[in-house]
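Those protein sequences? They're chains A and B, same order as listed. Under this note's numbering, the first residue of the first sequence is numbered 260, with each subsequent residue one higher. Under this note's numbering, the first residue of the second sequence is numbered 668, with each subsequent residue one higher. Report on one structure; see the data block that follows.
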Amino acid sequence: MMSIDVLVPGLLTTVQDGGRHHAHGIGVGVAGAADAYSMNVANLLVGNPPTAAVLEINLSGPRLLFRRATTLAICGAHIDAQADGIALPGWRPIYLPARSTVLLGACRAGARVYLAVDGGIAVPEILGSRSTDLRGGFGGFHGRALRAGDRLPLGASHTRRRALDAPIIAPWWIDHEPDLDFAESIAVRVLQGSDATAPSDALLTQEFIVDAASNRQGLRLHGASPLRAANARERVSEPVVPGTVQLPPDGQPIVLLADAQTVGGYPRIGHVIAADLPRLAQRRPGQGLRFIPVDARQAALANAQQRARLGRIAVAMGTVGDWEKATR
Amino acid sequence: MSAMPHIEPLGDSALLLRFGDGVDAAINQRVHACAAALHAWAPAWLLDVTPAHASLAVHIDTNTLGGTDPLDTVHAELASWLAETRTNSIEIRERFVEIPVLYGGDSGPDLEILATLAGMNPAEVVTRHTAAICTVAMLGFAPGFPYLLGLDPALAMPRRANPRARVEAGSVGIGGAQTGIYPAAGPGGWRIIGRTPLRLFDAARDPPSLLQAGDRVRFVAIDAAHFAPADRRT
Chain A
260 MMSIDVLVPG
270 LLTTVQDGGR
280 HHAHGIGVGV
290 AGAADAYSMN
300 VANLLVGNPP
310 TAAVLEINLS
320 GPRLLFRRAT
330 TLAICGAHID
340 AQADGIALPG
350 WRPIYLPARS
360 TVLLGACRAG
370 ARVYLAVDGG
380 IAVPEILGSR
390 STDLRGGFGG
400 FHGRALRAGD
410 RLPLGASHTR
420 RRALDAPIIA
430 PWWIDHEPDL
440 DFAESIAVRV
450 LQGSDATAPS
460 DALLTQEFIV
470 DAASNRQGLR
480 LHGASPLRAA
490 NARERVSEPV
500 VPGTVQLPPD
510 GQPIVLLADA
520 QTVGGYPRIG
530 HVIAADLPRL
540 AQRRPGQGLR
550 FIPVDARQAA
560 LANAQQRARL
570 GRIAVAMGTV
580 GDWEKATR
Chain B
668 MSAMPHIEPL
678 GDSALLLRFG
688 DGVDAAINQR
698 VHACAAALHA
708 WAPAWLLDVT
718 PAHASLAVHI
728 DTNTLGGTDP
738 LDTVHAELAS
748 WLAETRTNSI
758 EIRERFVEIP
768 VLYGGDSGPD
778 LEILATLAGM
788 NPAEVVTRHT
798 AAICTVAMLG
808 FAPGFPYLLG
818 LDPALAMPRR
828 ANPRARVEAG
838 SVGIGGAQTG
848 IYPAAGPGGW
858 RIIGRTPLRL
868 FDAARDPPSL
878 LQAGDRVRFV
888 AIDAAHFAPA
898 DRRT
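Spelled out as structure tokens, the structure:
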């Protein structure tokens, strides 16, 4: 079986896919890629279904040995990557010869990188997904982040090509704008939550800085003036979802990400729209963001437009056969 | 059904059905009846349901819906479905589960202080805790973590002001008027009175969660000789 050997694991590298969507009732959250857009594109570039299992790399990357020739793509945060000394640029397919060592450095812009491999990472499906549930300790590769010495199984490769001596890198790439934005401060579209702040526009009138204590469960934000819920009553736990903006007693909001728990008891003062979760997942500690209000129609339009851009990439990948033929 | 739940958006991919806003066994039963009815209905856009104490989330696959406001479409469908479906009459498969617990000592480091605060001796706490028939109101916080209603009111106790950095897997704790059980080791603020050798959550098992929402539960005191956690992760 085709596999990848983990030589150095990186800071927090996990197997993720489109997430677990049918086990909320027993307290199991979605997990999955925090930046689903980059995962989708990386998969499309290597000919996989958009939500096939990939490696999610946080801030600093792993060193991996590919024993057999394969196709891979690196999307998401900007990162220095190389295969045996040859630089590997992002957002395009790369054909890799057998016995290549891929070294991913530190993210230069953004926080999370998605490495897709032709055939996908073939860890077993648990509760309908190959994603790692870090809190539950299951799914992905033995329910945990990768360690040195791990051997990741790969699915059957669907590309057949001649033996290569060096990587072949596509001369074109996918433009990730407007779906990702790596600027120091960005705008994130937010829907109204069930709880109001006092004053009601307090979430919208200041800039927030991403706190270092952020993780896949939530982006902890820090604003100059702490927020206050309009109604201070104690709340019974209610369902929450990735994108929910929670307000803990300290007045500093937390935006839940992919590893969101299924229920929460804090006031819910907003919800980031699905189309903006990828750019949110790419925020680094110390970077800024502002919330701008949208309504349900604007959110639905933004989500549909993002889906359409992914759809066009999928179509294009089916029609770039000429370049593929030339490298075969 | 009696009173229609209030329907509101929960972001752009889910709707929240709210039946009330407190911890109440009768309201919770309506939540589970509705959850079961939704699963039985299974419209194409339904991804999943998250039942909570007094509300439930309806997770929607917006890919299956067109239109300028897919959530609005589902909202209308749900409202008319609720109006014509008697979700109260849905029969919930009721299970009864006994949970063996080793009370006190290292397994229940808060038993003595809880007894003192409640004005009784530890043995009486155990007697009262094992006498009650509890109901699983919801699972959440962590995979397989049950929130159990039906605690003897004399044992109700606020959570610790400073959560413990580590609570062992299987720890049985009291938080307010509820009992909870930690499926895995980790930080926790509930007052730990005992520990069960049962494995609450195992993703490789079918079903993965020992308990399901709506289950009836009774705790049974065991002694150290019968505590055999060999088959589970600690």
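Note that the Cβ used here is the ideal one computed from N, Cα and C, for glycine as well.
Cβ shell of residue i (< 7 Å), same chain only, five flanking positions each side left out
i	result
B/W857	R826, G840, I841, G842, G847
Residue i: contacting residues in chain A (beta-carbon distance under 8 Å)
i	result
B/M824	Simply none; closest approach about 16 Å.
B/G840	In chain order: nothing, as chain A lies at least about 15 Å away.
B/L723	P498
Close Cβ partners of residue i (< 8 Å) along its chain, the five nearest in sequence each way excluded
i	result
B/A897	With a pLDDT of only 47 at B/A897, under the threshold of 50, the placement of this residue in the model should not be trusted, and no figure is reported.
A/Q511	D470, R479, L480, H481, G482, P485, L486
B/A832	P854
Distance, residue j Cα to residue i Cα
i	j	result
A/V265	B/T740	47 Å
A/Q546	A/F441	9 Å
A/H337	A/A346	13 Å
A/L362	A/R322	4 Å
B/A821	B/D777	16 Å
A/V574	A/D409	35 Å
A/Q476	A/I532	17 Å
A/T272	A/R394	15 Å
A/P412	A/S388	15 Å
A/D581	B/D736	Low per-residue confidence applies at A/D581: pLDDT is 49, beneath 50, and the placement is therefore not dependable enough to give any value.
A/P501	B/S680	10 Å
A/G286	A/L386	12 Å
A/G523	A/W431	45 Å
B/V792	B/A888	11 Å
B/H699	A/E493	23 Å
A/G344	A/V289	37 Å
B/C801	B/A880	11 Å
A/P391	A/R279	The displayed chain sequence assigns Thr, not Pro, to residue 391 of chain A. If you take the alpha carbons of A/T391 and A/R279, they lie about 10 Å apart.
B/L732	B/W712	7 Å
A/S459	B/E675	18 Å
A/A312	A/L303	12 Å
B/F808	A/Q520	6 Å
A/R556	A/E315	31 Å
A/I468	B/T794	51 Å
A/A472	B/D688	31 Å
Chain-ordered chain B contacts of residue i [CB-CB under 9 Å]
i	result
A/D392	P810, A870
A/L215	Shown here, chain A extends from 260 to 587; a query on residue 215 of chain A therefore has no answer.
A/P412	Here the premise fails: no neighbours, minimum Cβ distance about 17 Å.
Cβ shell of residue i (< 6 Å), same chain only, five flanking positions each side left out
i	result
A/I551	A446, R448
A/D339	G364
DSSP beta-bridge partners of residue i
i	result
A/S416	Paired residues: none, contrary to the question.
A/E315	A/T273, A/Y373
A/S496	Partner(s): none; A/S496 has no beta bridge.
A/T360	A/L324
A/P458	BP columns for A/P458 are empty, so no partner.
B/Y814	B/M805, B/G847
A/V504	A/V514, A/G529
B/D715	B/H726
A/S388	A/I385
B/G861	B/Y770, B/V839
A/R403	A/F400
A/M261	Bridge partners of A/M261: none, in fact.
A/S444	A/G547
B/P676	B/L682
N-terminal and C-terminal residue of the alpha helix (DSSP H) that residue i is part of
i	result
B/A904	Only positions 668 to 901 of chain B appear in the structure, and residue 904 of chain B is not among them; the question remains open.
B/I800	Taken as a continuous stretch (DSSP letters only), B/I800 belongs to no alpha helix (DSSP H), as it is neither H nor E.
B/L778	778 to 785
B/A703	692 to 708
A/R538	536 to 540
A/L303	295 to 304
Residue i: first and last residue of the uninterrupted beta strand (DSSP E) it sits in
i	result
A/R571	Looking at the DSSP string, A/R571 is not in any beta strand (DSSP E); the run it does join, the alpha helix (DSSP H), is 555 to 576.
B/Y770	763 to 770
B/R833	831 to 834
A/A340	329 to 342
A/L480	477 to 482
Contact list for residue i against chain B, beta-carbon separation under 7 Å
i	result
A/T521	T717, G807
A/F397	A870
A/G502	G678
A/A558	D679
A/A540	The contacting residues do not exist; A/A540 stays about 15 Å from chain B at best.
Chain A contact residues for residue i, given Cβ-Cβ distances below 7 Å
i	result
B/P875	I285, L386
B/T729	N562
Chain B contact residues for residue i, given Cβ-Cβ distances below 8 Å
i	result
A/A555	P676, D679, D736, L738, D739
Listed by chain order, chain A residues near residue i by CB distance under 9 Å
i	result
B/H893	None at all; the shortest Cβ gap to chain A is about 26 Å.
B/D688	R492, R494, V495, E497
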